[in-house]
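J.:
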Amino acid sequence: MRIDLSITERGPRLTLAGELDFHTAPEAREALRLLTLKQGGYLVLDLGDVAFFDSSGVATLVHAYRLATQAGATLELVRIPPKIARVLRMVGVYDLLNASGPTAVTAPADEQTT
Numbered sequence: 026m027r028i029d030l031s032i033t034e035r036g037p038r039l040t041l042a043g044e045l046d047f048h049t050a051p052e053a054r055e056a057l058r059l060l061t062l063k064q065g066g067y068l069v070l071d072l073g074d075v076a077f078f079d080s081s082g083v084a085t086l087v088h089a090y091r092l093a094t095q096a097g098a099t100l101e102l103v104r105i106p107p108k109i110a111r112v113l114r115m116v117g118v119y120d121l122l123n124a125s126g127p128t129a130v131t132a133p134a135d136e137q138t139t
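The sequence shown runs 26 to 139 under this note's numbering.
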């Protein structure tokens with residue numbers, strides 16, 4: 026798993042790549058734990074390069090949601106691969122996690138370049 030962090034005006038953006046599973050979820054949770062979230066801000070998780078996702082991945086996203094809501098921030102999932110979107114819908118957390126949809130490929134407005 027590769028985790029890239031960028032800080033935007035809206036808040037931190039983590040781009041995850043590779044496998045988000047039983048073996049790599051602790052690394053992702055540690056990265057989430059180290060973030061500073063601001064009330065009214067966002068925690069953006071970019072899942073576009075996640076190749077494999079299991080129940081530990083679901084638990085990690087729910088963990089991110091809890092961290093964000095405890096800080097008064099909003100979790101936003103972007104660039105969700107269709108397979109991951111399907112899993113999130115099947116377990117009933119897609120809407121809870123503020124997912125932008127499987128075809129969401131645009132960056133938030135403050136990150137777009139012209």
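Even glycine gets a Cβ: it sits at the ideal position worked out from N, Cα and C.
Remember, predicted model here, so these are calculated numbers, not experimental data.
By the 10 Å Cβ neighbour count, where 16 or more other Cβ atoms means buried, how is Thr94 classified, buried or exposed?
T.: By 1-based counting over the sequence shown, the position of residue 94 is 69. Under this definition Thr94 is an exposed residue.
J.: Can you list, in chain order, the residues of its chain with a C-beta nearer than 6 angstroms to that of Asp74? Leave out the 5 residues immediately preceding and following it.
T.: Residue numbering aside, residue 74 sits at position 49 when the sequence shown is read from its first letter. So the qualifying residues of the chain are Ala42.
J.: Report all residues from its chain with a CB closer than 6 angstroms to the CB of Ser81; omit the five preceding and five following residues, and keep chain order.
T.: Taking the sequence shown and counting its residues from 1, the one referred to as residue 81 is at position 56. For Ser81, where only same-chain residues beyond five positions count, the Cβ hits under 6 angstroms are Asp46, Phe47, Ala50.
J.: Comparing C-alpha positions only, which one of Leu100, Tyr90, His88, Asp71 sits nearest to Ile109?
T.: On the sequence shown, position 84 is the one that residue 109 refers to. Ranking Leu100, Tyr90, His88, Asp71 by Cα distance to Ile109 puts Asp71 first.
J.: I think Gly36 touches Leu68, with their Cβ atoms under 8 angstroms apart; what is that distance to the nearest whole Å?
T.: One-based indexing of the sequence shown puts residue 36 at position 11. One-based indexing of the sequence shown puts residue 68 at position 43. The pair is a contact, with the Cβ atoms about 6 angstroms apart (cut-off 8 angstroms).
J.: Use the C-beta contact count for Val83: other C-beta atoms within 10 angstroms, 16 or more gives buried, fewer gives exposed.
T.: For this step, residue 83 is matched to residue 58 along the sequence shown. Burial call: buried.
J.: Quick check on DSSP: helix, strand or coil for Arg27?
T.: Locating residue 27 in the sequence shown gives position 2, where the first residue counts as 1. Strand.
J.: Can you list, in chain order, the stretches of the alpha helix (DSSP H) that have 4 or more residues and sit fully within the stretch 26 to 104?
T.: Counting whole runs of 4 or more residues, the stretch 26 to 104 contains the alpha helix (DSSP H) stretches 50 to 58, 80 to 95.
J.: Distance, Cα to Cα, Met26 vs Thr99?
T.: Here residue 26 refers to the residue found at position 1 of the sequence shown. Here residue 99 refers to the residue found at position 74 of the sequence shown. Spanning the two alpha carbons is a distance of roughly 24 angstroms.
J.: Grab the span of the alpha helix (DSSP H) containing Val118 for me, first residue to last.
T.: In the sequence shown, residue 118 corresponds to position 93, counting from 1. Looking at the DSSP string, Val118 is not in any alpha helix (DSSP H), and its letter there is neither H nor E.
J.: Out of Val87, Glu101, Pro106, point me to the one whose CA is closest to Gly117's CA.
T.: In the sequence shown, the residue the question calls residue 117 occupies position 92. Considering only alpha carbons, the answer is Val87.
J.: What does the Cβ neighbour count give for Thr61, buried or exposed, with the cut at 16 atoms within 10 Å?
T.: Numbered from its first residue, the sequence shown carries residue 61 at position 36. Answer is exposed; the Cβ neighbour count stays below 16.
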